[in-house]
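Visitor: One structure, as structure tokens, below. Some questions next.
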Amino acid sequence: DFPHRAPFVFVDDWARLPSLLYEFLRAAPLDQRLSDLRDYRTTLETHLRTLPLQLHDQPHSLRSSCTQTALSPPQVRDQVQAAKRYYASASWYDLHLGGPGDHGTCTKAPLGDATGRA
335 DFPHRAPFVF VDDWARLPSL LYEFLRAAPL DQRLSDLRDY RTTLETHLRT LPLQLHDQPH
395 SLRSSCTQTA LSPPQVRDQV QAAKRYYASA SWYDLHLGGP GDHGTCTKAP LGDATGRA
């Protein structure tokens with residue numbers, strides 16, 4: 335449980351955002367709101383550091399194995415051209431999966447087998 339209220343504006347209806355921001359900043363000046371945000375972040379980070387995390391103590395059962403596909407010079411040229419077209423789009427980030435940089439193969443194999451020896 336984290337008992338501190340976040341100094342944020344929460345929006346359920348985007349049409350109300352301007353009026354919510356107006357009220358939020360009218361209640362306290364922007365400098366005060368930024369100071370409150372810094373204090374909240376510091377308090378939250380301190381709280382998170384106190385939480386017991388057991389991730390480090392658990393044995394790992396899978397190993398990531400990524401390989402890069404070798405490309406011929408014409409394939410490299412085609413990939414570069416595809417990347418230029420891809421990043422020319424204003425929404426390139428939304429198109430990540432299946433993009434020109436997505437040509438490798440990643441799998442997860444259990445540790446100890448032929449592809450995932452420890």
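Residue numbers for the sequence shown follow the working numbering, beginning at 335 and rising by one.
Cβ atoms here follow ideal geometry from the backbone N, Cα and C, with glycine treated the same way.
Between the region 338 to 350 and the region 371 to 380, do three or more beta carbon pairs fall short of 8 Å?
Guide: yes
Visitor: CA-CA distance, GLU357 and SER423?
Guide: 37 Å
Visitor: Throw me the rounded Cβ distance for the LEU405 and GLN413 pair, which I believe falls under 8 Å.
Guide: 6 Å
Visitor: Please look up how many angstroms separate the CB atoms of VAL345 and LEU354, rounded, as I've assumed it's under 8 Å.
Guide: Yes, they are in contact, since the Cβ atoms of VAL345 and LEU354 sit about 6 Å apart, within 8 Å.
Visitor: Let me know the secondary structure DSSP gives VAL414 once reduced to three states.
Guide: helix
Visitor: In the DSSP assignment, the alpha helix (DSSP H) including ALA361 goes from what residue to what residue?
Guide: ALA361 -> alpha helix (DSSP H) spans 351 to 361.
Visitor: Taking the C-alpha atoms as reference points, what is the distance between PRO386 and GLU379?
Guide: Straight across, the Cα-Cα distance linking PRO386 with GLU379 is about 14 Å.
Visitor: Judging by CA-CA distance, which residue of VAL410, CYS400, VAL343, PRO408 is the nearest neighbour of ALA362?
Guide: VAL343
Visitor: DSSP three-state label for THR449, please.
Guide: With a pLDDT of 47 at THR449, under the threshold of 50, the modelled position of that residue is not reliable, and no figure is offered here.
Visitor: Specify the secondary structure class of ASP347 as computed by DSSP and reduced to three states.
Guide: coil
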